[in-house]
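Quick note, the sequence shown lines up with residues 362 to 791 if you use my numbering.
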Amino acid sequence: MRLNPFAGVYLTDPASMWRRILDDPAGVHYAEDLGLWLISRHADVRRALADATTFANALTLAPVYQVCPEAMNVLMQLDAPPTTAAADPPVHPRTRRALRATFANTAERVEAEYGAIVRRRVDQLVSRLAARQGDRVDLIPELATELPLLVVLDILGVPDVDIARIRSWADGQIALVWGQPDPAEQVRLAQGLLDFWHYCEDLVRQRMDGGQQGDDFIGRALAYRDDDDAVLTVPEVASLAFNLLVAGHETTAGLLAHTLDQALSNPRHWSDLTAGRRAVPAFVAETLRFAPAIDGWLRVTSRDVTVGTVTIPAGARCLLLIGAANRDPAVFTHPDRFDPDRTDAGNHLSFGHGPHFCIGAGLARLEAEIVVTRLTEAIPGLRLATAQQRSYKANVAFRAHHTLLAVIDIMAPADVPATRGAATTEVAAA
Ligand code: HEM
């Protein structure tokens with residue numbers, strides 16, 4: 362089976378590739394060009410996510426290709442201890458406990474602790490857009506990538522002045538690990554990653570030197586540690602911040618972009634949302650299933666393991682195709698149809714499953730729901746610009762739009778008939 366995530370149809374219409382893989386009776390394939398085992402069925406992806414002993418996380422954040430020696434020399438200096446998506450037992454259960462204690466991860470805690478931050482930041486960005494009546498804007502830089510970064514900086518207690526370099530480092534990490542940069546670019550991105558890690562170490566060190574810990578994430582993690590390395594070491598606090606700054610940013614940017622794309626691609630959806638005829642949380646849930654921001658995620662096998670009829674050897678890297686699993690007909694009715702009325706959307710695997718289940722799922726949902734609600738209130742006539750070319754960045758894991766061009770119109774359009782029960786939207790390929 363061939364899968365090229367860096368060129369061709371996968372960049373414009375990944376669902377056609379997921380369908381082909383799902384339709385193949387083997388269910389599991391070795392993609393020789395990538396050196397990755399592809400796992401596509403919902404039950405198999407779910408099992409791999411749940412079984413941290415057989416499907417380990419150790420290489421999840423390691424580049425998916427052979428890095429050039431110069432870049433490798435730089436990466437060897439990166440001594441960030443694994444704490445989240447790259448950690449396995451016995452470290453992961455301990456650091457996960459720390460994360461659960463210091464980062465809000467239930468709907469109630471997220472609303473109580475982060476609700477005001479999210480609303481303030483959404484209001485800032487939406488008001489800025491609403492002031493540009495008649496303009497054509499790109500919703501990706503103006504909203505989708507900006508909001509989650511501002512929110513995560515507020516939560517961590519990182520100053521706004523650092524936003525540009527954090528954005529560039531975080532984008533660089535995603536391109537370095539899951540993209541296909543040329544050797545010169547690998548060296549530049551690896552250096553950026555090292556600088557990013559040193560920046561996170563400094564953030565924590567300064568906070569400790571200042572004596573005042575504060576009530577943001579870094580302050581809470583230091584208080585939780587309580588000077589006890591057996592609970593959490595200082596480098597582990599820095600590593601948690603390092604991971605959250607990336608994990609909390611590009612992922613939610615993808616969710617916002619896909620949600621707005623789905624909402625605006627079909628004027629009836631937008632009209633229903635604007636008129637309050639459609640529940641925003643259900644719309645976001647179906648977007649998570651249909652167009653996940655992370656549609657492939659990595660594991661490495663710790664032993665020979667049989668999945669379906671195929672035996673994967675020990676030490677093999679596996680790409681869990683979350684995008685395909687979310688369209689498995691064994692779990693979802695009419696899986697290729699975007700249907701916000703469906704009742705099975707909650708079975709999606711877009712936030713993972715099991716011991717590494719996304720700690721920021723509640724925050725990401727809250728951000729998406731508030732963005733849709735505020736946009737429909739403040740810019741009800743928002744519409745996609747015509748002749749939209751839709752394509753995604755070349756990446757194994759992250760499904761990120763290049764652009765999403767829209768026209769600002771604060772006047773409510775004439776109503777479009779309701780869609781209940783008949784909603785079908787397919788994202789048009791470029
Ligand atoms: C739509 C937005 C998001 C998506 C699609 C997403 C997706 C995921 C997935 C698939 C995993 C599982 C990783 C694994 O099994 O190895 C994960 C884990 C994680 N996510 Fe998210 N995420 C999102 C938002 C966020 C946000 C907003 C934050 C925090 C600010 C966050 C922080 C994390 C962390 C720290 C982990 C690792 C947890 C662990 O290993 O115990 N994510 N996320």
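Every residue gets a Cβ at the ideal spot worked out from N, C-alpha and C, and that includes glycine.
None of the values given here were measured: they were computed from a predicted structure.
| query | result |
| --- | --- |
| Taking only runs of the alpha helix (DSSP H) that begin and end inside the stretch 660 to 699, which ones reach a length of at least 4 residues, in chain order? | 683 to 686 |
| Mark residue 481 as exposed unless 16 or more other C-beta atoms lie within 10 angstroms of its C-beta, in which case mark it buried. | exposed |
| So is residue 417 buried or exposed if we call it buried at 16+ other beta carbons inside 10 Å? | buried |
| Spatial neighbours of residue 786 within its chain, please: CB distance less than 8 Å, with the 5 preceding and 5 following residues excluded, ordered by chain position. | In this prediction, residue 786 has a pLDDT of 33, which is less than 50 and means its spatial position is unreliable; nothing more can be read from the coordinates. |
| Please list, in chain order, all residues of the same chain as residue 368 whose beta carbon is under 6 Å from its beta carbon, the five residues on each side excluded. | none |
| In chain order, what residues of the same chain lie with their CB nearer than 6 Å to the CB of residue 648, ignoring the 5 residues before and after it? | 619, 620 and 623 |
| Label residue 575 either buried or exposed according to how many other C-beta atoms from any shown protein chain fall within 10 Å of its C-beta, with 16 as the threshold for buried. | exposed |
| In the DSSP output, what is residue 397 paired with across the bridge? | 392 |
| Using a Cβ-Cβ cutoff of less than 7 Å, which residues in the same chain neighbour residue 531 once the five nearest sequence positions on both sides are dropped? | 606, 607, 610 and 611 |
| Among 694, 597, 661 and 732, which residue has its Cα nearest to the Cα of residue 645? | 732 |
| Hey, would you say residue 471 sits closer than 8 Å to residue 512, going by beta carbons? | no |
| Can you tell me whether DSSP reads residue 416 as helix, strand or coil? | strand |
| Specify, as a first and last residue, the run of the beta strand (DSSP E) that residue 499 falls within. | 497 to 499 |
| Restricting to runs no shorter than 4 residues, where is the alpha helix (DSSP H) found entirely within the stretch 444 to 488? | 452 to 463 |
| So which of 754, 651 and 739 has the shortest CA-CA distance to residue 708? | 651 |
| Below 8 Å on the Cβ atoms is my contact criterion, and I expect residue 376 with residue 689 to pass it. Report the Cβ-Cβ distance as a whole number of Å. | That belief does not hold up - the Cβ atoms of residue 376 and residue 689 are roughly 12 Å apart, past 8 Å. |
| Grab the span of the beta strand (DSSP E) containing residue 538 for me, first residue to last. | Counting along the chain, residue 538 falls outside any beta strand (DSSP E), though it belongs to the alpha helix (DSSP H) covering 524 to 539. |
| Counting only the same chain and skipping the five closest in sequence on each side, list residues whose C-beta sits under 6 Å from that of residue 431. | 548 |
| Candidates 748, 722 and 673: which alpha carbon is nearest residue 467's? | 722 |
| Do residue 419 and residue 441 come within 8 Å of each other at the CB atom, strictly closer than that value? | no |
| Tell me, to the nearest whole angstrom, how far the beta carbon of residue 414 is from that of residue 663; I am working on the premise that it is less than 8 Å. | 7 Å |
| In whole angstroms, what is the alpha-carbon distance linking residue 493 and residue 421? | 42 Å |
| Determine the DSSP secondary structure at residue 745, reduced to helix, strand or coil. | strand |
| Under the rule that 16 or more other beta-carbon atoms within 10 Å means buried, what is residue 554, buried or exposed? | buried |
| For residue 598, which residues in the same chain have their Cβ closer than 8 Å to its Cβ, ignoring the five residues on either side in sequence? | 565, 579, 582, 583 and 586 |
| Measuring CB atoms only, is the stretch 518 to 533 touching the stretch 632 to 645, in the sense that at least three cross pairs come out at less than 8 Å? | no |
| Indicate whether the contact test is met: 3 or more Cβ pairs, each with one atom in the stretch 666 to 686 and one in the stretch 735 to 753, closer than 8 Å. | no |
| Exposed or buried, which one is residue 782 when buried takes at least 16 other CB atoms within 10 Å? | Any reading at residue 782 must be qualified, since the residue scores a pLDDT of 38, below 50, and its modelled position is unreliable; the value itself is stated next. The residue is exposed, with fewer than 16 neighbouring Cβ atoms inside 10 Å. |
| Are the CB atoms of residue 681 and residue 372 nearer to each other than 8 Å? | no |
| Mark residue 451 as exposed unless 16 or more other C-beta atoms lie within 10 angstroms of its C-beta, in which case mark it buried. | exposed |
| Near residue 382, which residues of its chain fall below 8 Å by C-beta distance, leaving aside the five closest residues on each side in sequence? | 362, 364, 390, 399, 401, 682 and 685 |
| When DSSP builds the beta bridges, which residues end up paired with residue 759? | 655 |
| Grab me the residues of residue 558's own chain with a C-beta within less than 7 Å of its C-beta, minus the 5 sequence neighbours each way, in chain order. | 439, 441 and 603 |
| Which residues in the same chain as residue 483 place their Cβ atom closer than 6 Å to its Cβ, once the five residues preceding and following it in sequence are excluded? | 731, 732 and 735 |
| Once you ignore the five residues that flank residue 766 on each side, which residues in its own chain have a CB closer than 8 Å to its CB? | 497, 498, 499, 500, 745, 746 and 749 |
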